[in-house]
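Asker:
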Ligand code: SF4
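Structure below.
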């Protein structure tokens, strides 16, 4: 079986932006997270349902890496295979660059131009959405070596879906991301949990999943 190595995923990166202690705990003490509440489970399920509905409506013939892979180790190689076959639409396209793993909800190609789409079941666009897709852009571009369009898909009361082009904002964050990746790797290479006090940041932009442990 081919395996691939990565230091952290997009989820861990977003946690690191909130607090490097959260990043460290997520990587090495995952089991210390608070149990998921019924409310959070429902929110996650709503997100999955929204994503599935959008993708089956607009990309019914896409190659879904998650569905064809026997296990997660196969994701990057299957993505490469789909790219070699010139597949136009790939779901869960998976890339590792600078030891960071990302999975694109949608990677599509229109008139030869690549586009990544991140689907969020959220009323409004927020900074975390931009940071999320900006990391995907950094890693995916690092592998494909091509400029892309970055789009966030949100629900829309009238049209069903609203597509927001955030390419400009995403490009503006690329240099900062390179610095963050280096910093997070340094943090993860330490042999101790970062000493961070609890404060307002524990709930911004989301309630930290290690809230119970720290409090
Ligand atoms: S609860 Fe606060 S201090 Fe503890 S890991 Fe989370 S964000 Fe960091």
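Residue numbers (my numbering): 66 to 280. Cβ atoms here follow ideal geometry from the backbone N, Cα and C, with glycine treated the same way.
Going straight from the alpha carbon of residue 260 to that of residue 239, what length do you get?
Answerer: Answer to the nearest angstrom: the Cα atoms are 28 Å apart.
Asker: Looking at C-alpha atoms only, which residue of 236, 227, 82, 69 is the closest neighbour of residue 142?
Answerer: If we check each option's Cα against that of residue 142, 69 comes out closest.
Asker: Which residues in the same chain have their Cβ closer than 7 Å to the Cβ of residue 235, if we skip the five residues on either side of it in sequence?
Answerer: If we look at residue 235 and ignore the five residues flanking it on each side, its Cβ neighbours are 195, 198, 199, 202, 215.
Asker: So for residue 238, helix, strand or coil by DSSP?
Answerer: Correct three-state label for residue 238: coil.
Asker: Could you name the residues that DSSP lists as bridge partners for residue 220?
Answerer: Answer is 226.
Asker: Quick one, are the C-beta atoms of residue 127 and residue 156 less than 8 Å apart?
Answerer: Yes. Within cutoff.
Asker: Start and end of the beta strand (DSSP E) containing residue 159?
Answerer: Start and end: 154-162.
Asker: Drop a sphere of 10 angstroms on the beta-carbon of residue 83, count the other beta-carbons inside from all chains shown, and report buried for 16 or more, exposed for fewer.
Answerer: With 16 or more other Cβ atoms within 10 Å, it is buried.
Asker: How about residue 257 and residue 184: do their beta carbons lie closer than 8 Å?
Answerer: Contact flag unset, no.
Asker: Following a CB-centred definition, is residue 98 positioned closer than 7 Å to any heavy atom of the ligand SF4?
Answerer: No, since every heavy atom of the ligand SF4 falls outside the 7 Å radius drawn around the Cβ of residue 98.
Asker: Out of 74, 80, 85, 72, which one is the CA nearest neighbour of residue 193?
Answerer: Taking only the C-alpha atoms, the option nearest residue 193 is 80.
Asker: Please indicate yes or no: does the CB of residue 196 lie closer than 7 Å to some heavy atom of the ligand SF4?
Answerer: The answer is no for residue 196.
Asker: Taking Cβ to Cβ, would you say residue 209 is nearer than 8 Å to residue 190?
Answerer: Against a cut-off of 8 Å, the Cβ pair of residue 190 and residue 209 comes out as no contact.
Asker: Could you tell me whether any non-hydrogen atom of the ligand ADP is closer than 7 Å to the CB of residue 275?
Answerer: As for the ligand ADP, it is missing from this structure, which binds only the ligand SF4.
Asker: Using alpha carbons as the reference points, say which of 137, 158, 135, 136 lies closest to residue 146.
Answerer: The shortest Cα separation from residue 146 among 137, 158, 135, 136 belongs to 158.
Asker: DSSP three-state call for residue 147: helix, strand or coil?
Answerer: Three-state DSSP puts residue 147 in a helix.
Asker: Answer yes or no: the CB of residue 92 versus the heavy atoms of the ligand SF4, is any distance below 7 Å?
Answerer: False, no ligand heavy atom lies under 7 Å from that Cβ.
Asker: Identify the residues that DSSP records as bridge partners of residue 165: which are they?
Answerer: For residue 165, which the question treats as bridged, DSSP gives the partners 73, 162.
Asker: Give the DSSP bridge partners of residue 171, in chain order.
Answerer: Paired residues: 156, 182.
Asker: Taking only the alpha-carbon atoms, compute the straight-line gap between residue 77 and residue 110 and give it to the nearest angstrom.
Answerer: Computed Cα separation, rounded: 20 Å.
Asker: I'd like to confirm the pairing. Which residues does DSSP put opposite residue 128 in its beta bridges?
Answerer: Residue 128 pairs with 155.
Asker: Note the first and the last residue of the continuous alpha helix (DSSP H) segment covering residue 268.
Answerer: No alpha helix (DSSP H) contains residue 268, which DSSP labels as neither H nor E.
Asker: Verify the contact flag: residue 266, CB atom, against every heavy atom of the ligand SF4, threshold strictly below 7 Å.
Answerer: Residue 266 Cβ: within cutoff of the ligand SF4.
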